[in-house]
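K.L.:
Structure provided below as structure tokens; questions to follow.
Protein chains: 2
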Amino acid sequence: MGELAALFAPERVAVVGATDREGSVGRAIMENLLADYEGEVVPVNPKRDEVLGRPCVGSVGEADADLAVVVVPPSVAVDVVREAGESGVSNVVVITAGFGETGSEGAAREDELTAVAEEYGMNLVGPNSLGVLSTRRGLNATFGPDNALPGGLSFMSQSGAFITAVLDWANDQGIGFKDVVSLGNKAVLDEADFVSEWGDDPETDVIIGYLEGIEEGRAFIDTAREVTQETPVVLVKSGRTEAGAQAASSHTGTLAGSEQAYETGLDQAGVIRADSVQELFDAARVLESQPMPENDQVAVITNAGGPGVMSTDAVGDSRLGMASFTDETLDAFSETLPEEGNIYNPVDIVGDADNARFREALDVALGDENVGCALVLSCPTAVLDYEGLARDTVELQRKHGKPVTACFMGGSRVEAAADVLDDAGIPNYFDPARAVEGLDALVRFREISTREYDSPTEFDVDREAARDVLARAVDRDEPRLGVEAMDLLDAYGIPTPQGGIAADPSDALELAEAIDGDVVMKIVSPDILHKSDIGGVKVGVPNEEVYDAYEDLVTRAHNYQPDAEILGVQVQEIVDLDAGVETIVGTNRDPQFGPLVLFGLGGIFVEVLEDTTFRVAPVSGTEAREMTGEINAAPLLRGARGRDPVDVETVAETIQRLSQLVTDFPAILELDINPLVATPEGAQAIDVRLTVDLDELAVDAGDADATDEPNEQTLVDTEPDQ
Amino acid sequence: MGELAALFAPERVAVVGATDREGSVGRAIMENLLADYEGEVVPVNPKRDEVLGRPCVGSVGEADADLAVVVVPPSVAVDVVREAGESGVSNVVVITAGFGETGSEGAAREDELTAVAEEYGMNLVGPNSLGVLSTRRGLNATFGPDNALPGGLSFMSQSGAFITAVLDWANDQGIGFKDVVSLGNKAVLDEADFVSEWGDDPETDVIIGYLEGIEEGRAFIDTAREVTQETPVVLVKSGRTEAGAQAASSHTGTLAGSEQAYETGLDQAGVIRADSVQELFDAARVLESQPMPENDQVAVITNAGGPGVMSTDAVGDSRLGMASFTDETLDAFSETLPEEGNIYNPVDIVGDADNARFREALDVALGDENVGCALVLSCPTAVLDYEGLARDTVELQRKHGKPVTACFMGGSRVEAAADVLDDAGIPNYFDPARAVEGLDALVRFREISTREYDSPTEFDVDREAARDVLARAVDRDEPRLGVEAMDLLDAYGIPTPQGGIAADPSDALELAEAIDGDVVMKIVSPDILHKSDIGGVKVGVPNEEVYDAYEDLVTRAHNYQPDAEILGVQVQEIVDLDAGVETIVGTNRDPQFGPLVLFGLGGIFVEVLEDTTFRVAPVSGTEAREMTGEINAAPLLRGARGRDPVDVETVAETIQRLSQLVTDFPAILELDINPLVATPEGAQAIDVRLTVDLDELAVDAGDADATDEPNEQTLVDTEPDQ
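Those protein sequence lines, which keep their order, are chains A and B. In terms of my numbering, the first sequence opens at residue 1 and continues consecutively. In terms of my numbering, the second sequence opens at residue 1001 and continues consecutively.
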């Protein structure tokens, strides 16, 4: 148990604002607490002597409680919490609404609440919460209509109504919980705190939740990835779609981070993301009750060919593979199964199979070393006793210790068997696809819990040089930079073509002479976007023409746009784009997750095909290498159509160096290297565009104080300005 | 009712092979028929006087039945069917197994059965069938354990076991059927026959099915698209995935057509394809009971913000949009809803909403002309009576005539309300996503039923010229053709660059002189695949160098590969590939659906990105235009990044002309035009490769008799060979 132990298992609970007025929240909480709670309940109400037969105290300070539940009006709630803090109560659940969700006055009140809680180091749930419950000591400090059954799921929700609905349904389904918390406005405790707490709780088998937003993305990732090495976390994070994000924003005022960031962030965190309520509970139940498979290969044993084929399609949709049996298994099936059956997977033991044949086939399959898990799939027949099959399934699952799910198809014929399976924690569905999805969740968690996370590499970079380049943007008061910022990439060791920016024709010639062969020359101006259109690009300029070319380019630019600011002319070695693959490496900043790093197919395809993949920075070596394999065009990198594979390692290193750059300089809002041309010999950044936050740069490029709520993990630049 | 009326509603049923031996199929069928059937049941068994109290006749001819159910051993089954045919029985259900599913002997027996049925014009179900049932007259001519409840679904299945499972489950769920048929081996009647029959049946509201294969793809499309203008068809077609296709093939021996063909074919047929059993029945139920929406805009009315957001995500995943309310609606909501509610969609009427507020909000929303359908989404609260809300929902759905689904979240609290909703045919789920998917199925069917199918255009083409080009392949005994077949495209009016194939240097010069500017010259040889590698391509050859270039190319080719067959040198106008978008138009032949036409992004991206879309030929103008909009790279065609849009109409016409070509010449097995360069001015086929069936060409290129089971719709070439 972690720091929040007393929140879920207090000795004495004070209910501040307790009352016995019918229909009130204060009464509902008192009733719920008095029902099953093993500890003491102390109503706090200066206007009453007793509530529901319990003697009242006049103030929270007199209650000597280790948990205070606050149901007073919003105008006095902060004072009550302060008083609780002063009197040493370290756990508070603020049920009271009328805070951040109601406008600026409420938001100010919520800030005050947060400040008070921080001052006294209190664990505060809410405000605007349905409450918390924990079945361990029978604590139900919510105003909902139901208590929970005991079980191994711990559940957090940003919607209180969803909790009431889930509990009513779960009680009906026999699904039990360890702890349940209604997060409310998350003024102090948020999802990361509960993931961390439940990760340390041996009585929590699976952590589940409904979230509309995550407060601090990177911190959540780091907490969750540690927890998910042992304990599965399954979440519905709504706002997946544009419509949903709008609705979430208007519901809880959650500042919409990008779905891209949530998708990659939750994946990096090791969270199993459910898209619907059904997926959430299907995954939670199987993760709670079934063991982890040793491999992702499934055996399907069925007495019905058609449903067997359906289940195979579901396997094809999943991470699972159809197990290939050993010769011993095939021999055993050959001996025992009728000729019209199928000894290969899915194993069709045929419609006339009795219980003995079913049992033996399942036993053989589960005993096969190639088989990681099994689906028992059956249609009702006259010769098969479903309840017996259920008992055999339970027994064989235990014998072999491998995960099993069931699809006993049918209605009333299945009921008794379903009870047997349910009691033993073997999920059973009418639809074969759902039974396969259950096994898939186990395999997904196996993949997560065996992940090895490596720390981001810290490359030796020239931070000072980078700061100088950014300082130029401040000098020019121009938040958008282009090729004039190629030095920024050089400073961070990202390979660029030989060359530089010349301020006059002699400069240009000097640069050109240092380059083997002809050069490319481009006008450099933040005011001219389409350089080619105005003749602002010259390809294949020999040294003897460089001087004149410089003047010609500048003249053209001035003629085209007399007021354009001309920063000079870029002189660059010629890179044969056709010899490599044009990729893009970029970044943008998410309000919750901070810098996201992107890798994708570059050139004009970036916008149109959106063949890209993302990671929340900082990006480790493993993650960067994964990214290069995730895009649809990855075979081009690996050398499709007889071409040599490109130097993927250098591409991956470029991703990491960019990650380090944007982590070091939070003032970089967006940055795209497009194209990064990847060839068998390496990779070169041909062009760059970035947008910086001038105000933040002006304070001190790279100073931690200038960032909004910096993540602890951020590699902030703490060197003093030179 | 159609031709199969008597199959489902016979007056007298003969059971050939009836017996009262315990556990036998013959007895099970007798018992099922005697249970509810309104007509006469006549057991046929020469060895018995009576079966289950019914007097036997000695042969099917004596039974005077209009339906014969055959359960005799396979060795005599064909004779029984012949006898039935001779005595005028036109409907036969062959339960007997031991035919095509058991090997070559069985397959021969099945061919015989088919021949007999065709000889007598019999409607034959099976063999290897569970039987048929129809609730209209209480007919249960199956050997399954359950009868069906009456209802509006008609159900066909290629798996008999799946039928038994579904009936047991459906009886429990209160789901009823009109007709059910176990298709068995489909020796005579197949899915197209039942779709057609049920399309004509006013008592069938929705056609559903489980299929592992479709016998004649194009015929099925044409039948189903007519039916689906009125009656929804929802199918699980298994073998979607590679694993599933293998399993399906080993289960029913279905020759695996490509999933690509099924996906596009079922879509062209207007079939709603379900990926799982749950999807199948969720869609079927809502289509049976709810009206069609007038638009795809949904209103969500909820007392719970969180679930409201979840439902909005589900809307984002679907074809639906969140309705924008009229000003009148917004005014009405502003007046009646509390301030902390949300008058925009999803409408949050807040947790303290009573039945009156819920009712009024739903009434207002359904009355809004922008709203096509509604979701009633509710969490349990102390002030809300679920059963009353259910009654209001039913009443308001009827009042407004718009489709409504419900998500009353909870367990035991919902039961009574769920019954009210169920009785009224309003689907209700615990998961908001499933309730939204129900509305989505309605919108999908609305789109299907309002489709207008246009006939494929018949372009004026030079079929003789095309035949000549193909004849050359026969002469050369070479099934693979390349650019030497560009004339084939010319013959079908597909634009190609100016030029041709020269047989000698003078020819080449003549061709070059007819072309403006320099030319491209390429060696033409089926034996040389990588022409560029051996210097077999010259770009930008001026006229004065053409003569020498010809000789040089031929010399290089001979030096490189002395035994290579040289067909000449292609002389072609220069096409600037960078000025356009490289696309691919191609075709391949599917065993079930015939020629599939492909359109996609061309060049090296074809293989790597697989950005392609397909149609079963013949392709109409509407379909061809749709194809050009379906690929991910479609914005490139529409003029992304400030470029002019390409001539999409010419691309679409090229697709249609290729469709006509491969439909006219079934001997063309595969053909790819890659690239077809699309520019603002048109489109040009730069290169072509095809594979032909030499044997079929040898008989008569384009002769209908040479094709395997030609589709009636195929535009076969019936002109005599010249």
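All C-beta atoms, glycine included, are put in the ideal place defined by N, C-alpha and C. This one's a predicted model, so the numbers in the text were calculated from it and none came from an experiment.
Short of 6 Å in beta carbon distance, which residues of its chain neighbour F1155 of chain B, apart from the five on each side in sequence? Order them along the chain.
P.N.:
Cβ within range, chain order: F1177, V1180, I1208.
K.L.:
Any C-beta of chain B sitting closer than 8 Å to the C-beta of P232 of chain A?
P.N.:
No, no contact with chain B.
K.L.:
Listed from N- to C-terminal order along the chain, which residues in the segment 200-216 of chain A have their beta-carbon within a distance smaller than 9 Å of any beta-carbon of chain B?
P.N.:
Answer set for the segment 200-216 of chain A: Y210, E212.
K.L.:
Determine the burial state of R21 of chain A: buried for a count of at least 16 other Cβ atoms within 10 Å of its Cβ, exposed for fewer.
P.N.:
Under this definition R21 of chain A is an exposed residue.
K.L.:
Once the 5 residues before and after D168 of chain A are set aside, which same chain residues still bring their CB inside 6 Å of it?
P.N.:
The answer, listed in chain order, is D146.
K.L.:
In chain A, what lies closer than 7 Å to W1169 of chain B by C-beta?
P.N.:
Neighbours of W1169 of chain B on chain A, chain order: M409, G410, G411, F430.
K.L.:
The beta strand (DSSP E) with R1048 of chain B in it runs from where to where?
P.N.:
Careful: R1048 of chain B lies outside any beta strand (DSSP E) and carries neither H nor E.
K.L.:
Quick check on the burial criterion: 16 or more other C-beta atoms within 10 angstroms. Buried or exposed for P1380 of chain B?
P.N.:
It is buried - the Cβ of P1380 of chain B has at least 16 other Cβ atoms within 10 Å.
K.L.:
I'd like the list of long-range same chain contacts for R638 of chain A, defined as Cβ closer than 6 Å, with 5 residues on each side in sequence excluded.
P.N.:
So the qualifying residues of the chain are P645.
K.L.:
Quick check: the segment 1648-1662 of chain B against the segment 1431-1443 of chain B, are at least 3 beta-carbon pairs closer than 8 Å?
P.N.:
Result no; under three Cβ-Cβ pairs closer than 8 Å.
K.L.:
Suppose you measure from the CA of L1034 of chain B to the CA of F358 of chain A; what does that come to, to the nearest Å?
P.N.:
Cα-Cα distance, rounded: 33 Å.
K.L.:
Mark L1697 of chain B as exposed unless 16 or more other C-beta atoms lie within 10 angstroms of its C-beta, in which case mark it buried.
P.N.:
It is buried - the Cβ of L1697 of chain B has at least 16 other Cβ atoms within 10 Å.
K.L.:
Decide if S1318 of chain B is buried, meaning its Cβ has at least 16 other Cβ atoms within 10 Å, or exposed.
P.N.:
S1318 of chain B should be labelled buried.
K.L.:
Closer than 8 Å, CB to CB, is R1240 of chain B near chain A or not?
P.N.:
For R1240 of chain B, the answer is yes, since a Cβ of chain A falls inside 8 Å of its Cβ.
K.L.:
Between G1602 of chain B and N1674 of chain B, what straight-line distance do the alpha-carbon atoms span, to the nearest angstrom?
P.N.:
Cα-Cα distance, rounded: 6 Å.
K.L.:
Within a Cβ cutoff of 6 Å, which residues of the same chain sit near A1579 of chain B, ignoring the five residues on either side of it in sequence?
P.N.:
If we look at A1579 of chain B and ignore the five residues flanking it on each side, its Cβ neighbours are T1679.
K.L.:
Establish whether the CB of I1095 of chain B and some CB of chain A are separated by less than 8 Å.
P.N.:
Output row for I1095 of chain B: interface = no.
K.L.:
C379 of chain A versus chain B: which residues are under 8 Å apart at the beta carbon?
P.N.:
Under the 8 Å cutoff, chain B gives A1161, F1162, T1164, A1165.
K.L.:
Do you know whose CA, among B:I1029, B:V1025, B:A1014, lies nearest P1046 of chain B's CA?
P.N.:
Of the listed residues, the one whose Cα sits closest to P1046 of chain B is B:A1014.
K.L.:
Compile a chain-ordered list of the residues in the segment 596-610 of chain A whose CB is closer than 7 Å to at least one CB of chain B.
P.N.:
Residues I604, E607, V608, L609.
K.L.:
Along chain B, in chain order, which residues have C-beta atoms closer than 8 Å to that of V636 of chain A?
P.N.:
Here the sequence assigns Leu to residue 636 of chain A, which means Val is not the residue at that position. I1604, V1608, listed in chain order.
K.L.:
Spell out whether any CB of chain A is found under 8 Å from the CB atom of T1102 of chain B.
P.N.:
Yes, T1102 of chain B lies at the interface with chain A (some Cβ there is under 8 Å from its Cβ).
K.L.:
Note down, in chain order, every chain B residue with its Cβ under 7 Å from the Cβ of V309 of chain A.
P.N.:
Correct list: E1212, S1238, G1239, G1244, A1247, A1248, H1251.
K.L.:
Less than 8 Å between C-beta atoms, sequence neighbours within five positions excluded: which residues of the same chain meet that for A508 of chain A?
P.N.:
Excluding positions up to five away in sequence, the list reads A502, M521, V546, Y547, A549, Y550, V569, V571.
K.L.:
Just the Cα atoms here: how many angstroms apart are A485 of chain A and V651 of chain A?
P.N.:
Rounded to the nearest angstrom, the two C-alpha atoms are 20 Å apart.
K.L.:
Looking at chain A, which residues of the segment 1416-1442 of chain B have a Cβ within less than 8 Å of any of its Cβ atoms?
P.N.:
Answer set for the segment 1416-1442 of chain B: F1430, D1431, P1432, A1433, R1434.
K.L.:
Considering only DSSP beta bridges, list what L671 of chain A is partnered with.
P.N.:
Paired residue(s): A:T587, A:L690.
K.L.:
State the start and end residues of the unbroken alpha helix (DSSP H) segment that holds E328 of chain A.
P.N.:
From DSSP, the alpha helix (DSSP H) with E328 of chain A extends over 327-336.
K.L.:
What residues match up with F1155 of chain B in a beta bridge as DSSP calls it?
P.N.:
In DSSP, F1155 of chain B forms a bridge with B:V1180, B:I1208.
K.L.:
Please list, in chain order, the chain B residues whose beta carbon lies closer than 8 Å to that of G316 of chain A.
P.N.:
Near G316 of chain A (Cβ distances below 8 Å), the residues of chain B are R1240, T1241, E1242, A1243, G1244.
K.L.:
When you compare the CB of E1630 of chain B with every CB in chain A, is at least one pair closer than 8 Å?
P.N.:
Not one chain A Cβ lies under 8 Å of E1630 of chain B.
K.L.:
By a C-beta neighbour count over all protein chains shown, 10 Å radius and 16 as the cutoff for buried, is N1428 of chain B buried or exposed?
P.N.:
Counting Cβ neighbours within 10 Å, N1428 of chain B comes out buried, since at least 16 surround it.
K.L.:
Over the uninterrupted alpha helix (DSSP H) stretch that includes N91 of chain A, give me the two end residues.
P.N.:
Per DSSP, N91 of chain A belongs to no alpha helix (DSSP H); it is in the beta strand (DSSP E), 91-94.
K.L.:
Under the DSSP definition of a beta bridge, which residues are partnered with K1538 of chain B?
P.N.:
According to DSSP, K1538 of chain B bridges with B:M1521.
K.L.:
Given this structure, state the Cα-to-Cα distance separating L130 of chain A from V1581 of chain B, to the nearest angstrom.
P.N.:
Spanning the two alpha carbons is a distance of roughly 58 Å.
K.L.:
In this structure, does DSSP put V1236 of chain B in helix, strand or coil?
P.N.:
Correct three-state label for V1236 of chain B: strand.
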